[in-house]
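To start, the structure under review is shown below, and the notes come after it.
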Amino acid sequence: MKLIWRLKSLNKYNNWIFKLAIATLLLGFAFRLLFYQSSSFEPNIETAFADSTELSKEPVSSVDISKPPPVTVDIPKPPLAADIPKPTSSANTSKDSLSADLQEPDDETPQKELNAGKCDLFTGDWIPNPSGPMYTNSTCSLIEGHQNCMRNGRTDSGYLFWRWNPRDCQLPPFNAQRFLEVMRNKRWALIGDSISRNHVQSLLCILSTCCYIDFANCMMHHLQSYPKNLMHIYKGLIMWLASEIAVTNMIRHVSKVKVEQAVEVYHDEEYKSKRWHFPSYNFTISNIWSPFLVKAAIFEDNDGVSTSEVQLQLDKLDTNWTNLYQGLDYMIISTGKWFLKAAIYHENDTVVGCHICPGRNLTEKGFVFAYEKALRYVMNFIATSKHKGLIFFRTSTPDHFENGEWHNGGNCTKTTPAKEGEIELKDLNKILRTVELAEFEKASAKAAENGLNLKLLDFTNLLLSRPDGHPGPYRQFHPFAQDKNAKVQNDCLHWCLPGPIDYWNDVIMEMAING
1 MKLIWRLKSL
11 NKYNNWIFKL
21 AIATLLLGFA
31 FRLLFYQSSS
41 FEPNIETAFA
51 DSTELSKEPV
61 SSVDISKPPP
71 VTVDIPKPPL
81 AADIPKPTSS
91 ANTSKDSLSA
101 DLQEPDDETP
111 QKELNAGKCD
121 LFTGDWIPNP
131 SGPMYTNSTC
141 SLIEGHQNCM
151 RNGRTDSGYL
161 FWRWNPRDCQ
171 LPPFNAQRFL
181 EVMRNKRWAL
191 IGDSISRNHV
201 QSLLCILSTC
211 CYIDFANCMM
221 HHLQSYPKNL
231 MHIYKGLIMW
241 LASEIAVTNM
251 IRHVSKVKVE
261 QAVEVYHDEE
271 YKSKRWHFPS
281 YNFTISNIWS
291 PFLVKAAIFE
301 DNDGVSTSEV
311 QLQLDKLDTN
321 WTNLYQGLDY
331 MIISTGKWFL
341 KAAIYHENDT
351 VVGCHICPGR
361 NLTEKGFVFA
371 YEKALRYVMN
381 FIATSKHKGL
391 IFFRTSTPDH
401 FENGEWHNGG
411 NCTKTTPAKE
421 GEIELKDLNK
431 ILRTVELAEF
441 EKASAKAAEN
451 GLNLKLLDFT
461 NLLLSRPDGH
471 PGPYRQFHPF
481 AQDKNAKVQN
491 DCLHWCLPGP
501 IDYWNDVIME
511 MAING
């Protein structure tokens, strides 16, 4: 009876509670403006980009580079939504589950200022993040079905409650509103294979929904930009308010702040390359399908089943991206895993060898031969292009297949991040990464001579310890609904959305704006 009386009493005053919460937040803004106006809160973003004359240039003319072709393919309806559950009891997010260093930073622990000379954004740990992701599949309809793990019936949720924490420096969370303001009249492109598509969906989801989480979590995200002495005061008040709201049976009171919904303005015939536009900012993001970066004829379906070897032109760049290259302000270029496929290699319009081509009476060259040649050609084009924007080269990402690979029954069943040193990079991944780092080093020296802004994104360490972040069998919609022992295709290469790949955006924003 006492609990029922309390519920009724608090329900009566719930409006007062929310008013108090809003007043508290406004008071924080006012206090911050009056006493803490300094450059320590907002890095100077003006000098990191073009001056005002460039920002005020005419609207981007490349948004409609080509009109969308007549739609001959049915566009699937947005997937059914599923709310993020709280961490399951089986999901171990304790500090003991990782290395001794993997701990939530203490508020009193001083951290080094973020700068290119001292801070390595790519070396760090995954630490518990009770607030969870910034979006769900119910707030973002842009998630591809194969990566929509929540909709597809994945039962555990612990993989959602971790965040990337670089060692010895602070990485601010992605700020969608600020990102869009800085990127006004700019053009981004993510160029590569299906991992690039995976990433662009993550970025679009975060940009389209700034905050769609419960009341306490939304407030906590905001507090991360406050001075530490104020954080202690507000943190206690917010948690008290959240507990009172929960008692009134309003546990998931949603505080949703829309930034702006991306509008799809282009897709190719196969829906592999797409472009989205943010009208209020005249900002575009493109996903350009070019898995080899050089010209290739591919004979493969969406499940990775090939009917013939890839015909690969090692000395001809793929015009899917080169035709748009000079019109882009920012781009992330990547390749990698596709070079492991069976292929016939061409140079100067002549067959020079192959990889995995029994019965063809051709010289087996191996994928390293092709990867070095193609990547060197790509990087030389970039380094000598005199491009005026910012270009990121991203290394290939590790997979976590166990007991086989994609094509022969491999799976990934982990539900928590791996401990430091528990997982070793596979030999094939090591070979790819070695080639990538070597070719980037050569190109970066040449790029510097030519005044080109070329940077490296090496997320190997960040992702190697996240075997729990893949769709696994939940690449399909409820794969075990009819038979709990069904044999299904596992995906241990791509990443669930939301999931670990979302934290790429924190790193990229820091490098693009403050770097």
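full-length UniProt numbering applies: residue 1 is where the sequence shown begins, and numbers increase by one. Yeah, the Cβ is synthetic: ideal placement off N, Cα and C, and Gly gets one too.
Indicate whether H146 and D491 have their beta-carbon atoms separated by less than 8 angstroms.
Contact flag set, yes.
Just verifying my parser: in three-state terms, what is the DSSP assignment at N429?
If DSSP states are grouped into helix, strand and coil, N429 belongs with the helices.
Give a yes or no on whether the C-beta atoms belonging to F459 and T397 are separated by under 8 angstroms.
A contact, by the Cβ cut-off of 8 angstroms.
How would you label P279, buried or exposed, when you count the other beta carbons within 10 angstroms and need 16 or more for buried?
By the neighbour-count rule (16 or more Cβ atoms within 10 Å), P279 is not buried but exposed.
Taking 8 angstroms as the cut-off, decide whether the C-beta atoms of A447 and A383 are in contact.
Cβ distance < 8 angstroms, so A447 and A383 count as in contact.
Which of the three DSSP states, helix, strand or coil, is assigned to H407?
Helix at H407.
Leaving out the 5 sequence neighbours to the left and right, which residues in its chain are closer than 8 angstroms to A370 when beta-carbon positions are compared?
Here the set comprises L312, L314, F339, A343, Y345, H355.
Out of curiosity, what's the CA-to-CA distance linking Y474 and D268?
Straight-line Cα distance between these residues: approximately 27 angstroms.
Between the C-alpha atoms of N129 and P500, what's the straight-line distance to the nearest angstrom?
Straight-line Cα distance between these residues: approximately 12 angstroms.
Name the two residues that bound the continuous beta strand (DSSP E) containing L319.
A quick correction: the sequence has Thr, not Leu, at residue 319. Counting along the chain, T319 falls outside any beta strand (DSSP E), though it belongs to the alpha helix (DSSP H) covering 319-322.
Apply the 10 Å Cβ neighbour rule to D329 and answer buried if 16 or more other Cβ atoms are within range, or exposed otherwise.
Looking at its Cβ environment, which holds 16 or more other Cβ atoms inside 10 Å, D329 is buried.
Looking only at DSSP bridge pairs, what is F283 linked to?
F283 is bridged to F278.
Where do the ends of the beta strand (DSSP E) carrying Y377 lie?
Looking at the DSSP string, Y377 is not in any beta strand (DSSP E); the run it does join, the alpha helix (DSSP H), is 367-383.
Quick one: is Y271 buried, meaning 16 or more other Cβ sit within 10 Å of its Cβ, or exposed?
Label assigned to Y271: exposed.
Closer than 8 angstroms by C-beta to L204: which residues in its own chain qualify, once you throw out the five before and the five after it? Chain order, please.
Closer than 8 angstroms at the Cβ level, and outside the excluded window around L204, lie C140, L142, A262, W276, I285.
Please state the DSSP three-state secondary structure of I333.
It is a strand residue.
Where does P498 fall in DSSP's three states?
DSSP places P498 in coil when its eight states are reduced to three.
Taking its Cβ as the centre, do 16 or more other Cβ atoms sit within 10 Å of S196, making it buried, or is it exposed?
So S196 ends up on the buried side.
Would you tell me roughly how many angstroms separate the C-alpha atoms of M331 and K484, rounded to the nearest one?
For M331 and K484, the distance between alpha carbons rounds to 43 angstroms.
Just to confirm before moving on: does the CB-CB distance between D125 and R167 stay below 8 angstroms?
Yes, Cβ-Cβ distance for D125 and R167 is below 8 angstroms.
Tell me, please, which residues DSSP counts as bridged to E402.
BP columns for E402 point to N411.
In whole angstroms, what separates the C-alpha of S290 from that of L463?
Between S290 and L463, the C-alpha separation is close to 23 angstroms.
Please classify K487: does DSSP put it in a helix, a strand, or coil?
If DSSP states are grouped into helix, strand and coil, K487 belongs with coil.
When we look at the beta-carbon of S308 and count the other beta-carbons within 10 Å, is it buried (16 or more) or exposed?
With fewer than 16 Cβ atoms within 10 Å of its Cβ, S308 is classed as exposed.
Report yes or no: do three or more beta-carbon pairs, one from the stretch 417-425 and one from the stretch 360-375, lie closer than 8 angstroms?
The answer is no - the stretch 360-375 does not touch the stretch 417-425, with fewer than three Cβ pairs under 8 angstroms.
Where does V294 sit, in a helix, a strand or coil, going by DSSP?
Looking at V294 - three-state DSSP - the assignment turns out to be strand.
Helix, strand or coil for T434? Go by DSSP, reduced to three states.
Note: T434 maps to helix in three-state DSSP.
Three-state secondary structure (DSSP) at R178?
In the structure shown, R178 sits in a helix (DSSP, three-state: H, G or I).
With a threshold of 6 angstroms on Cβ separation, who are the neighbours of R466 within its own chain once the five nearest residues in sequence on each side are excluded?
The residues are P417, P500.
Using the three-state DSSP reduction, which class does Q313 fall into: helix, strand or coil?
Reduced to three states, the DSSP call for Q313 is strand.
Just how far apart, CA to CA, sit L121 and G132?
About 21 angstroms.
Given that a residue counts as buried once 16 or more other Cβ atoms are within 10 Å of its Cβ, and exposed if not, what is I508?
Classification for I508: buried.
Since G389 and F401 should fall inside the 8 angstroms C-beta cutoff, what is the C-beta to C-beta distance between them, to a whole number of angstroms?
So it is not a contact: roughly 36 angstroms between Cβ atoms.
Quick check on the DSSP output: the alpha helix (DSSP H) that includes W504 runs from which residue to which?
504-514 is the span of the alpha helix (DSSP H), which, as asked, contains W504.
Spatial neighbours of N320 within its chain, please: C-beta separation below 6 angstroms, excluding the five flanking residues on both sides.
The answer, listed in chain order, is I288, S290.
Looking at the secondary structure, which residues open and close the alpha helix (DSSP H) in which N461 lies?
From DSSP, the alpha helix (DSSP H) with N461 extends over 460-464.
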